[in-house]
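Using our numbering, the first residue of the sequence shown is number 4, and each one after it goes up by one.
In what follows, a single structure is set out as structure tokens and then discussed.
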Amino acid sequence: MGKVTVVVACAAAVAVGLAAAVVVRRRMKREGKWGKAREILKELEEKCGTPVVKLKQVADAMTVEMHAGLASEGGSKLKMIISHVDCLPTGNEKGVFYALDLGGTNFRVLRVQLGGKGVGLVNQEFAEVSIPSNLMTGTSDALFEYIAAELAKFVAQEGPEYQLPPGRQRELGFTFSFPVVPTSITSGTLARWSKGFSIDDAIGRDVVAELSKAMRKVGLDIRVSALVNDTVGTLAGGRYEHPDVVAAVILGTGSNAAYVERVQAIPKWHGLSKTGDMVINMEWGNFRSSHLPLTDYDHTMDAESLNPGDHIYEKMISGMYLGEIVRRVLLRMAEEAAIFGATVPPNLKEPFILRTPVMSAMHHDTSSDLKVVENKLKEVLEVSNTSLRVRKIIVEVCNIIATRGARLSAAGIVGVLKKIGRDTLKEGGKQKTVIAMDGGLYEHYSEYSKCLEITLEELLGDEVFKNIVIKHSNDGSGIGAALLAASHSKYLEE
4 MGKVTVVVAC AAAVAVGLAA AVVVRRRMKR EGKWGKAREI LKELEEKCGT PVVKLKQVAD
64 AMTVEMHAGL ASEGGSKLKM IISHVDCLPT GNEKGVFYAL DLGGTNFRVL RVQLGGKGVG
124 LVNQEFAEVS IPSNLMTGTS DALFEYIAAE LAKFVAQEGP EYQLPPGRQR ELGFTFSFPV
184 VPTSITSGTL ARWSKGFSID DAIGRDVVAE LSKAMRKVGL DIRVSALVND TVGTLAGGRY
244 EHPDVVAAVI LGTGSNAAYV ERVQAIPKWH GLSKTGDMVI NMEWGNFRSS HLPLTDYDHT
304 MDAESLNPGD HIYEKMISGM YLGEIVRRVL LRMAEEAAIF GATVPPNLKE PFILRTPVMS
364 AMHHDTSSDL KVVENKLKEV LEVSNTSLRV RKIIVEVCNI IATRGARLSA AGIVGVLKKI
424 GRDTLKEGGK QKTVIAMDGG LYEHYSEYSK CLEITLEELL GDEVFKNIVI KHSNDGSGIG
484 AALLAASHSK YLEE
């Protein structure tokens, strides 16, 4: 072999060796990236773990906090608000009743016709109205007069089939889903606004009195027979159809629960002689316990929120926050494991850009190439050319966060059932316990709702769970309020 040949051969060998080294380094870099991503995923799974023993501790803590909240004002993070709803619908209600549902930038007015025993809901009509932005920061009079005027339009358009008997006043259930302190079934003081409203002169006022004044001003003769929030309304709507409904849970943008309590079990009722049942609005979103599996993502999201330190439970289980937790996990993976390439997608840095409906769509993607995940990443984060490996990791993140939320929701429900003695098998074993559920998260995120029900069975056991019925009670915030107007009607004796 000549000298030139040897040199060429050596150079070729060196080139091959360098190329092989580059390939190895690239492979190591790739594996290092995926290794880091898997490490973050494994850590998330461990921190979000909800073994049965932990869930039972959460349920026990919920029960303890319920007792404390009933014992004294401020005794618990749970408000345990006495709703003054002591007469739930029975299905025998008859007549035409109205509802006004105010809880955001839109409000709805409804009319329902009830046919009485064995007939039920005969007819219902509603109209939805947007609230002009200037009224959300104006005066109390301006807001309520606008609402009353729209309600008057709705009433004016009704047909002859809705005409009331002579001398009978129209009655309305008012769903007011803002922080309010009820003082009776027909009165409640506004504690503060939320959801973008800021009307200072309304704070501390009776919202029913404000609405009634506005209705009189526009010539509308309607009596507000019940003031409720959406959770109490959901319970009422459920009870109308199922006499065994004992609790209601809202799982939507936010979360709350209400249940039926014996008046004798409410120490803060201050010794009044009233007996029977009372609906308690728990405001359970504010529940907090050392047993909740919080992560660094939860802590930072809470610290950066508008209400740091409050509504910790709600921030772990409700639709407002689940997608945001997923975004924070993916942001860390993008920064530390470069799952989207060398540059972190700018949109991924924007809080709440990844909403829970997007998370749900990705989680429910059953296509072999996870095409829905790919499309959602393009649409929301403007990320293209993601590998199947990345898309699979994203689905895993969604699953971990949704599973934690659903299992913690189930633990909360078990805590409520423990409080009212429905977590064990009674003598005879045939007592049905029905829980009315509402909210977009429960209704549309099927992996979440399915996991919740599986977890309930896991925590309660097969025998007890056989007697538990989870019933979707749609539109409790509207129809439920009208039903409560019926069950608290001043014409009941007639």
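Quick reminder that beta carbons are idealized off the backbone N, C-alpha and C, glycines included.
Within the same chain, Cβ atoms closer than 8 Å to the Cβ of PRO348 are found at ALA337, LEU384, GLU385 and VAL386, the five residues on either side in sequence being excluded. When C-alpha distances from LYS36 are compared across PHE343, THR237 and PRO182, the shortest belongs to PHE343. The DSSP-derived three-state label of TYR451 is helix. Boundaries of the alpha helix (DSSP H) harbouring ARG410: 391 to 422, taken from the DSSP string.
Per DSSP, the unbroken alpha helix (DSSP H) holding SER215 starts and ends at 210 to 220. Excluding its 5 nearest sequence neighbours in each direction, VAL227 has C-beta neighbours in its own chain below 7 Å: LEU175, PHE177, THR189, VAL211, LEU214 and SER215, listed in chain order. With a beta-carbon spacing of about 5 Å, LEU428 and GLU466 fall inside the 8 Å limit used to define contacts. Going by DSSP, GLU131 is part of the beta strand (DSSP E) stretching over 124 to 133. Annotation note: the segment 147 to 193 contains the following uninterrupted beta strand (DSSP E) runs of length 3 or greater, listed N- to C-terminal: 173 to 179, 183 to 187 and 190 to 193. Taking a C-beta distance under 8 Å as the contact criterion, LEU486 and ALA239 qualify as a contact pair. Annotation for PHE100: VAL115, GLU174, ALA485, ALA488 and ALA489 place their beta carbon closer than 6 Å to its own, counting only its chain and skipping 5 residues before and after. DSSP, reduced to helix, strand and coil, places TYR262 within a strand of the structure shown. Between VAL329 and VAL400, the CB-CB gap stays under 8 Å. With a cutoff of 8 Å on beta-carbon distance, GLY257 and GLY288 are scored as near each other. If you draw a straight line from the Cα of ASP89 to the Cα of VAL67, it comes to about 24 Å. In this structure, LYS422 sits near MET69, with a CB-CB distance shorter than 8 Å. LYS493 sits in coil when the DSSP states are folded into three classes, being neither helix nor strand. Comparing C-alpha distances from GLN160 to each of TYR448, ILE206 and GLU128 shows the shortest one belongs to GLU128.
Here DSSP, grouped into helix, strand and coil, assigns LYS474 to strand. In the DSSP annotation of this structure, ARG425 is not part of any beta strand (DSSP E), being labelled neither H nor E. Cβ contact annotation for ILE253 (same chain, cutoff 7 Å, sequence separation greater than five): ASP233, THR234, THR237, ASN259, ASP441 and GLY442, in chain order. Between ILE320 and ASP305, the C-beta gap is not smaller than 8 Å, which leaves the two residues out of contact. Sequence-distant partners of GLY119 (beyond 5 residues in either direction) whose C-beta falls short of 8 Å from its own C-beta, in its chain, are ASN95, GLU96 and LYS97.
Burial of GLU264 is indicated by the presence of at least 16 other C-beta atoms within 10 angstroms of its C-beta. Counting along the chain, no alpha helix (DSSP H) covers ASN284; the unbroken beta strand (DSSP E) around it starts and ends at 280 to 284. Here HIS87 is buried. Its C-beta has 16 or more other C-beta atoms within 10 Å. For a cut-off of 8 Å, the C-beta gap from THR186 to ARG208 is around 12 Å, too long to register as a contact. Between the segment 70 to 84 and the segment 134 to 154 there are fewer than three C-beta pairs closer than 8 Å, too few to call the two in contact. Taking each of GLY52, ARG41, ALA102 and CYS51 in turn and checking the Cα distance to SER480, the smallest one comes out for ALA102.
The segment 52 to 66 and the segment 407 to 424 touch, with three or more beta-carbon pairs separated by less than 8 Å.
Our two residues, TYR448 and LYS474, have alpha carbons roughly 15 Å apart in a direct line. Here the C-alpha atom of LEU81 lies approximately 27 Å from the C-alpha atom of THR108.
Taking the Cβ atoms as the reference, GLY326 lies roughly 4 Å from MET362, within the contact range of under 8 Å. Burial state of ASN284 is buried, judged by a 10 Å Cβ sphere holding 16 or more other Cβ atoms.
Counting every other CB atom within 10 Å of its CB across the protein chains shown gives PRO163 a total below 16, marking it as exposed. LYS50 is positioned such that its CB atom lies closer than 8 Å to that of THR298.
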